[in-house]
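**Student:**
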Amino acid sequence: MHNRFWIRATTISTNSFQRRFLASWEHYLKGTAQQAEDRSCSHICTVSSYLKVRRQTIGVMPSLAFFQIEMDKALLKDGGRKSSLEVEMDIVGGHNMT
Numbered sequence: 001m002h003n004r005f006w007i008r009a010t011t012i013s014t015n016s017f018q019r020r021f022l023a024s025w026e027h028y029l030k031g032t033a034q035q036a037e038d039r040s041c042s043h044i045c046t047v048s049s050y051l052k053v054r055r056q057t058i059g060v061m062p063s064l065a066f067f068q069i070e071m072d073k074a075l076l077k078d079g080g081r082k083s084s085l086e087v088e089m090d091i092v093g094g095h096n097m098t
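For the record, in the sequence shown the residue sitting at position 18 is 18 according to this note's numbering, with numbers rising by one throughout.
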């Protein structure tokens, strides 16, 4: 399934999109592995450490890459946009804390 997805994605996307998607997917997988390790060790996270991992495991960035396919490269490098995304992910991730 993943192989077919990637073959189709590469036929309609740019190299820069593919790099962004793979980088965000790698962060997602690393975050998921960290979350699994924390759970297996019964590690209790601080709010800060929870949000750091949750930003990776929420899946926003890999999904967002598809909306950025046609976006101007200058906008993608804007630091303000990155911080607002982190705030938004904290809000979404925070719903799991209550």
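Here a beta-carbon is modelled for each residue, glycine too, at the ideal position from N, C-alpha and C.
On a predicted model such as this, the values are computed, not experimentally measured, just so you know.
1. Three-state secondary structure (DSSP) at G59?
2. Do S24 and M61 have their C-beta atoms within less than 9 Å of each other?
3. Select from R55, L64 and Q68 the residue whose C-alpha is nearest the C-alpha of H27.
4. According to DSSP, is I12 part of a helix, a strand, or is it coil?
**Tutor:** Inspection of the coordinates gives the following:
1. Secondary structure at G59: coil, using DSSP grouped into helix, strand and coil.
2. Cβ distance < 9 Å, so S24 and M61 count as in contact.
3. Nearest C-alpha to H27: R55.
4. I12 falls in the helix class under three-state DSSP.
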